[in-house]
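A short write-up of the structure that comes next.
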Amino acid sequence: MSPSEFIQGQQPALTVQSAGHALHVFVNGRFSGSAYGTKDHPEFKYTLNVALQSGVNKISLLSVAIGLPNDGAYYERRHTGIIGPVVLRGLPNGPRGLSWQKWSYQVGLRGEASNAVSPNGISSVGWVEGSLAVQQQPLTWYKSYFNNPKGNEPLALDMGSMGKGEVLINGQSIGRYWTISAVGNCSVCTYRGTYRSPKCQSGCGRPTQQWYHVPRSWLK
Numbered sequence: 001m002s003p004s005e006f007i008q009g010q011q012p013a014l015t016v017q018s019a020g021h022a023l024h025v026f027v028n029g030r031f032s033g034s035a036y037g038t039k040d041h042p043e044f045k046y047t048l049n050v051a052l053q054s055g056v057n058k059i060s061l062l063s064v065a066i067g068l069p070n071d072g073a074y075y076e077r078r079h080t081g082i083i084g085p086v087v088l089r090g091l092p093n094g095p096r097g098l099s100w101q102k103w104s105y106q107v108g109l110r111g112e113a114s115n116a117v118s119p120n121g122i123s124s125v126g127w128v129e130g131s132l133a134v135q136q137q138p139l140t141w142y143k144s145y146f147n148n149p150k151g152n153e154p155l156a157l158d159m160g161s162m163g164k165g166e167v168l169i170n171g172q173s174i175g176r177y178w179t180i181s182a183v184g185n186c187s188v189c190t191y192r193g194t195y196r197s198p199k200c201q202s203g204c205g206r207p208t209q210q211w212y213h214v215p216r217s218w219l220k
């Protein structure tokens, strides 16, 4: 982009249309923002100002699918991911469509390709101390060590302070986590009439799941 394509004192806005379920946007290697849909309405539109610079800019869109339908008819009508258009708004000459630009496509993350989560692959990756890691930076791999707790009581890992990702213990996955707050109406509970799933909801305003079971047989 040339300097004349910017409106002084104003950042252009990037708009991306997605069929679900989540989207992370990076501009010139820096995290710009995220958006996601809901269980009932997975489709959403991402719109946020982006910090572009004069010259060439690189926009990376990480589309996240929580799951895909595995039954029912009309699969061709059930979409997931970015369906377009991708548009820059707030420019002197009006909106600029980016869908016609040359885009590359990649499946998976570099850490997955290097098998960084396996007991053997973890030593082949360069790690930095937690105090040196970039704070609030998404797409970050974390590792930690702990002693096998004594006793026979069930063990669980509290992920309430984390955002979204996956947890592995000695290379074994205990599940994907997403500590987004659940929404609903928890004020009234009555089972009279026709049953529907919103009846007698609990845990409104809290994550759907916070504790994740750690099998003792996976520990050393």
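Residues in the sequence shown are numbered consecutively from 1, following UniProt numbering.
Where a beta carbon is used, it is the ideal one built from N, C-alpha and C, also for glycine.
Query: Rounded Cβ spacing between residue 85 and residue 97 (contact assumed at less than 8 Å); Result: 6 Å
Query: Any non-hydrogen atom of the ligand FAD within 7 Å of residue 207 CB; Result: Ligands displayed in this structure: none; no statement on the ligand FAD is therefore possible.
Query: Endpoints, alpha helix (DSSP H) assigned at residue 110; Result: 110-113
Query: Reference residue 210, options 180, 69 and 9, closest by Cα; Result: 180
Query: Buried/exposed call for residue 88, threshold 16 Cβ in 10 Å; Result: buried
Query: Own chain residues within Cβ distance below 7 Å of residue 158, not counting five before or after; Result: 210 and 211
Query: Any 3 or more C-beta pairs closer than 8 Å across the stretch 33-44 and the stretch 99-112; Result: no
Query: Candidates 177, 148 and 55: closest to residue 208 by CA position; Result: 177
Query: Residue 171 versus 17, 143 and 102, residue with shortest Cα-Cα distance; Result: 143
Query: Closest residue to residue 27 among 5, 57 and 48 (Cα-Cα distance); Result: 57
Query: 8 Å Cβ cutoff met for residue 11 and residue 51; Result: yes
Query: Contacting residues, own chain, Cβ-Cβ under 8 Å from residue 18 (five flanking each side not counted); Result: 35, 37, 43, 44, 45, 46, 63, 81, 82 and 83
Query: Closest residue to residue 153 among 216, 201, 167 and 196 (Cα-Cα distance); Result: 216
Query: Closest by C-alpha distance to residue 9, when choosing among 22, 33 and 92; Result: 92
Query: Backbone secondary structure at residue 30 - three-state DSSP; Result: strand
Query: Residue 162 versus residue 7 - alpha carbon distance; Result: 38 Å
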